[in-house]
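As structure tokens, the structure follows; a few thoughts come after it.
Protein chains in written order, with this note's numbering: chain E, -15 to 97; chain L, 669 to 782.
Below, the structure written as structure tokens:
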């Protein structure tokens, strides 16, 4: 079945450091790919998405590129801030079942001042 | 602004109790979902609903049921709570159009079953 694997955390960084969170997927066909973020005490919210190969999603300084050849959707940010401390979830939506999302386990990121 | 409201942030219940978790969305969305979130496991889908009075099992429906009597409200029911149902529960909704992949989440209900 469809599945998402993302790097395990927790990840601790200093402010202005470079952040990357790896995400790979297994799916039938060509899924849509998402990154959701959960700030402390809140529900998840969409950070960015990409719906076809080579698409780049971007938001709030974060970027991720849909790589079909490596079945990956790695999240990157060039200079993190304390406010980026959160749990990040990679997710996919399969074309045959596109109401449902399959989530990765989540990666906890802590940014220190 | 989009809003998904879960009735309780924290609940403490005893084993064997019947538990109701309520979720209301104000976006006129067709689709609603219940997940549980556990460390290291991410989000797992319990049940979802495409329309009023319609429900579908997700990946882990055992021990749960749902009710959707009105479009805006989706309730999760634990018929007889057990300690292994201690978890964070998240409700979400999506529109029934091209934006249907974008799920909007409530803040979650942290349930402890003693």
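Virtual Cβ for every residue (Gly too), placed ideally from N, Cα, C.
DSSP, reduced to helix, strand and coil, places residue 54 of chain E outside both helices and strands of the structure shown, so it counts as coil. About 16 Å separates the beta carbons of residue -12 of chain E and residue 92 of chain E, which is beyond the 8 Å limit, so they are not a contact pair.
Non-local C-beta neighbours of residue 734 of chain L in its own chain, meaning closer than 6 Å and more than five positions away in sequence, comprise 715, 723, 744, ordered along the chain.
Here residue 757 of chain L is buried, its C-beta having at least 16 other C-beta atoms within 10 Å. Per the C-alpha coordinates, the member of L:689, L:678, L:740, L:672 positioned closest to residue 747 of chain L is L:689. Going by beta carbons, residue 66 of chain E and residue 3 of chain E fall outside the 7 Å limit. Residue burial annotation: residue 680 of chain L is exposed, with fewer than 16 other C-beta atoms found within 10 angstroms of its C-beta. In this structure, the alpha-carbon of residue 31 of chain E lies about 6 Å from that of residue 43 of chain E. The C-alpha of residue 672 of chain L is placed about 28 Å away from the C-alpha of residue 782 of chain L. The beta carbon of residue 692 of chain L sits closer than 6 Å to those of 673, 740, 741, all from its chain and outside the five residues before and after it, given in chain order. Within the stretch 69 to 97 of chain E, the residues whose Cβ lies closer than 7 Å to any Cβ of chain L are, in chain order, 73, 77, 82, 83, 84, 85, 87, 88, 89, 90. Around residue 37 of chain E, the same chain offers 50, 52 as residues with beta carbons nearer than 6 Å, after the five sequence neighbours per side are excluded. Straight through space, the alpha carbons of residue 80 of chain E and residue 675 of chain L are spaced by roughly 33 Å. The beta carbons of residue 771 of chain L and residue 762 of chain L sit closer together than 7 Å.
By the rule that beta-carbons nearer than 7 Å mark a contact, residue 769 of chain L touches chain E.
Within chain L, no residue has its beta carbon less than 9 Å from that of residue 32 of chain E; the closest one is some 11 Å off. Non-local beta-carbon contacts of residue 678 of chain L in its own chain, meaning distances under 6 Å to residues more than five positions away in sequence, involve 778 in chain order. Look at the stretch 26 to 59 of chain E: the residues with a C-beta under 9 Å from a C-beta of chain L are 26, 27, 28, 29, 30, 33, 35.
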